[in-house]
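Working notes for the structure below.
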Amino acid sequence: MDVKIAALSNDRKNDWNEHLPFVTFDYNASIHSIAGQMSFELMFERSPVDYFDHQDPNISLAQGPERLQKLYKYLANLTDQVKSNVVQHQKIYKLRYDKNRSNPSFKIGQLVLIKLTDTQHKFDIRYEGPF
244 MDVKIAALSN DRKNDWNEHL PFVTFDYNAS IHSIAGQMSF ELMFERSPVD
294 YFDHQDPNIS LAQGPERLQK LYKYLANLTD QVKSNVVQHQ KIYKLRYDKN
344 RSNPSFKIGQ LVLIKLTDTQ HKFDIRYEGP F
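Positions in the sequence shown are counted from 1; adding 243 to them yields the working numbering.
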């Protein structure tokens, strides 16, 4: 997103806030790689209206129970599709993560080091032990 704002801004980069609504809309109206859907559709339950789309002022929407049934069915289908996409990508991420990881096995009485996770500086001690 920051690359798009930088590309649209002037040389001094002091008008970035004028481009923010357009870049945000573009981001929300693009298909998310994991969900496989637009963020806008998931949030507002409808397709986004582009700035250049013509709107007829005399549009009337049916409000009957049939429309609500269709809407609920569409949303349930959309939710199921997003869930399956997320689960599928999580499996891919797990395979990629596990690819370079080993499964260490330790024997009783074997000395081990414990990695410290709260190191703040690059010269801090990273391991404690052996235990």
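Glycine included, C-beta positions come from ideal geometry on N, C-alpha and C.
- Cβ contact annotation for Asp-258 (same chain, cutoff 6 Å, sequence separation greater than five): Ser-252, in chain order.
- With the rule of 3 Cβ pairs closer than 8 Å, the segment 272–280 counts as touching the segment 317–331.
- Counting every other CB atom within 10 Å of its CB across the protein chains shown gives Glu-371 a total below 16, marking it as exposed.
- Under the DSSP assignment, Asn-328 falls in the alpha helix (DSSP H) whose first and last residues are 308–342.
- Per DSSP, Val-292 is not a residue of any alpha helix (DSSP H), being assigned neither H nor E.
- When Cβ pairs closer than 8 Å are counted between the two stretches, the segment 312–322 is seen to touch the segment 282–289, the count reaching three or more.
- Straight through space, the alpha carbons of Ile-368 and Ile-357 are spaced by roughly 11 Å.
- Exclusion of the five residues before and after Ile-248 leaves Trp-259, His-262 and Val-266 as the residues of its chain whose Cβ lies within less than 6 Å of its Cβ.
- Its chain contains Ala-272 as the residues whose beta carbon lies nearer than 8 Å to that of Asp-293, once the 5 sequence neighbours on both sides are disregarded; these appear in chain order.
- For Pro-264, the uninterrupted alpha helix (DSSP H) segment begins and ends at 259–271.
- In this structure, the alpha-carbon of Arg-310 lies about 36 Å from that of Lys-334.
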